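Student: I have a structure I would like to understand better, so I am pasting it below and will then ask my questions one at a time.
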Amino acid sequence: MLDREGNPIESTLNYTLKSVKASLPTTPMTMRGMYFYMADAATFTDCATGKRIAVANNAQLERDYAAARGTQTRPVLLVVEGHFTLEANPDSGEMVKTLMADKNSKFVPGKECNQ
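Spelled out as structure tokens, the structure:
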């Protein structure tokens with residue numbers, strides 16, 4: 003285990019972390035990141051972590067993204083309340099963490115994560 007600065011924790015206690023097969027929480031949380039849609043697949047790159055994840059199919063988000071990006075094919079800043087779920091990848095069938103937009107999605111054209 004690592005401390006908050008990323009250094010190994012020195013302890014006489016024998017802690018062990020084990021993965022579990024628990025479901026992901028469904029409580030919506032506000033997220034801010036860059037949304038990109040192309041070829042029937044949407045991705046969201048979280049501003050806080052830089053991690054890119056798939057976005058569940060959402061026709062309204064796709065329409066709003068098309069309006070926000072205008073004629074350019076580029077990512078657009080999205081602020082959304084959503085949660086994570088596990089969904090099968092349509093190509094491989096592998097279960098992947100996916101962002102499910104719940105409500106209050108707002109595109110902010112012309113802005114980036116650092117603005």
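Under this note's numbering, the first residue of the sequence shown is numbered 3, with each subsequent residue one higher.
C-beta atoms are modelled at their ideal positions from N, C-alpha and C, and glycine is treated no differently.
Owing to the predicted nature of the structure, the values given are computational and were not obtained by experimental measurement.
1) Identify, in the order they occur along the chain, each residue of the same chain with its Cβ nearer than 6 Å to the Cβ of N60, setting aside the five sequence neighbours on each side.
2) In angstroms, rounded to a whole number, what distance separates the CA positions of A56 and Q117?
3) Excluding the 5 residues preceding and the 5 following F46 in the sequence, name in chain order all residues of the same chain whose CB lies nearer than 6 Å to its CB.
4) Tell me which residues share the same chain as S94 and place their Cβ nearer than 8 Å to its Cβ, disregarding the 5 neighbours each side in the sequence.
5) Residues in the same chain with beta-carbon distance under 8 Å from T29, minus the five sequence neighbours each way, listed in chain order, please.
6) Beta-carbon within less than 6 Å of R71's beta-carbon, same chain only, minus the 5 sequence neighbours each way: which residues are those?
7) Give the secondary structure of E64 by DSSP, where H, G and I count as helix, E and B as strand, and everything else as coil.
8) Quick check: the Cα distance between K113 and E89, rounded to an integer number of angstroms?
9) Residues in the same chain with beta-carbon distance under 8 Å from D66, minus the five sequence neighbours each way, listed in chain order, please.
Tutor: Here's the rundown:
1) Closer than 6 Å at the Cβ level, and outside the excluded window around N60, lie A103.
2) Those two C-alpha atoms are separated by around 23 Å.
3) For F46, where only same-chain residues beyond five positions count, the Cβ hits under 6 Å are G35, Y37, I55, V57, L101.
4) Scanning its chain for C-beta atoms nearer than 8 Å, with the 5 sequence neighbours on each side dropped, one finds no residue around S94.
5) Excluding positions up to five away in sequence, the list reads H85.
6) Hits under 6 Å: V78.
7) Helix at E64.
8) Approximately 30 Å, taken between the alpha carbons.
9) Within the same chain, D66 has close Cβ partners S107, F109.
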